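Engineer:
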Amino acid sequence: PIVKLMDWEDRWDELETNDNVFSLVVMAQIKAKSSKSKDELKAWKYHLVKLMYQRNYSKEDILQLYRYIDWMISLPKELEAQFLKEVYLLEEEKKMPYITSAERFGLEKGEEMGVVKGMYNEKYQTIMSLREFNMKPEDIAKATRLTPEKVREVLAAGDKGLDLLIGEDATKH
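Positions 1 to 173 (UniProt numbering) are the ones given, in order, by the sequence shown.
1) Using the beta-carbon count (16 or more within 10 Å), is residue 44 buried or exposed?
2) Buried or exposed for residue 76, please, with buried defined as at least 16 other CB atoms from any protein chain shown within 10 angstroms of its CB.
3) DSSP on residue 169, reduced to helix/strand/coil?
4) Report all residues from its chain with a CB closer than 7 angstroms to the CB of residue 29; omit the five preceding and five following residues, and keep chain order.
5) Give me the residue from 42, 24 and 64 with the minimum Cα distance to residue 51.
6) What does a CB cutoff of less than 6 angstroms around residue 157 pick up in its chain, not counting 5 residues either side in sequence?
7) Determine the contact status of residue 161 and residue 140, defining contact as a CB-CB distance below 8 angstroms.
8) By how many angstroms is the C-alpha of residue 63 removed from the C-alpha of residue 101?
9) Cβ atoms of residue 83 and residue 42: under 8 angstroms apart, would you say?
10) Flag this pair as yes or no: are the beta carbons of residue 38 and residue 90 separated by less than 8 angstroms?
11) Please name the residue, chosen from 56, 10, 166 and 93, that lies closest to residue 122 on a Cα-to-Cα basis.
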């Protein structure tokens, strides 16, 4: 039989009491789609994290579920900061400091973004250096694996060219 995720919305109580880790996965997906506001999403994200601790999952399960829930339910920076404070207090209460790994994940995302910025800085510097040798945008594009249009945009942006390159990719992380 085919079952749609939203069919489980009517069986929410069953999901709440089911210790299977996939019940949390289903709950995260349902709330990610059905919540009306970011504040409501934050409340549900916290509720799901709290359930992980109450169900006494292994540390590995908690970390994997946290990654999934964090990916499924993303929050604006200020709400994410509030959420992390609440999780930190929960961890202190439960004496289970797994998700202050949440802070670790944030650091990992920051490091990943730093690597991306470094990569684009290198491309930007290459574009600007090759321009000094009077190379055409088409030739610079081949050297940097960008489109000629993108090279022209970066050149036209001057000092803001790096921001232009990073800005497009920053939304993907």
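Cβ atoms here follow ideal geometry from the backbone N, Cα and C, with glycine treated the same way. Here the structure is a predicted model, which is why all the values come from computation and not from measurement.
Structural biologist: Straight from the coordinates:
1) buried
2) exposed
3) With a pLDDT of only 47 at residue 169, under the threshold of 50, the placement of this residue in the model should not be trusted, and no figure is reported.
4) 5 and 72
5) 24
6) 164
7) no
8) Any reading at residue 101 needs caution, since the residue's pLDDT is 49, under 50, leaving its predicted position unreliable; the model's value is listed next. Cα to Cα, the separation comes out at about 8 angstroms.
9) yes
10) no
11) 166
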